[in-house]
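Following our numbering, the residues of the sequence shown are numbered contiguously, the last one being 259.
Read through the structure below, which is laid out as structure tokens, and then see the notes.
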Amino acid sequence: MLSSFASGCAGSDPCEVVCAKNAECQPDGPGKETCTALCVELSDRASYADAIEHQAACYEEDDWSCDSLASGACDYSPED
């Protein structure tokens, strides 16, 4: 699971998807490159990788506005 997570192509890599949207919605934040580096570093934790994959899938599913995302439209909580 993590190997496919880490080796996806740039457009579909969960960290790339999430960090691109975060950079768009939070222009005064740490930036896409910093976010992506941290995301990839943390993705060795299965729970983190799973959450990022779910969040990225949600981001790609609909064209969410930044306001909708800030209101929790793509928040993910594991069921267990």
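Glycine included, each C-beta is placed from N, C-alpha and C at the ideal position.
Distance from the CA atom of residue 216 to the CA atom of residue 198, rounded to whole angstroms, is 10 Å.
The shortest CA-to-CA distance from residue 195 to any of 228, 224 and 207 is the one to 228. The segment 241 to 254 and the segment 202 to 222 touch, with three or more beta-carbon pairs separated by less than 8 Å. The C-alpha of residue 254 lies about 7 Å from the C-alpha of residue 234.
Residue 240 has its alpha-carbon roughly 21 Å from the corresponding atom of residue 226.
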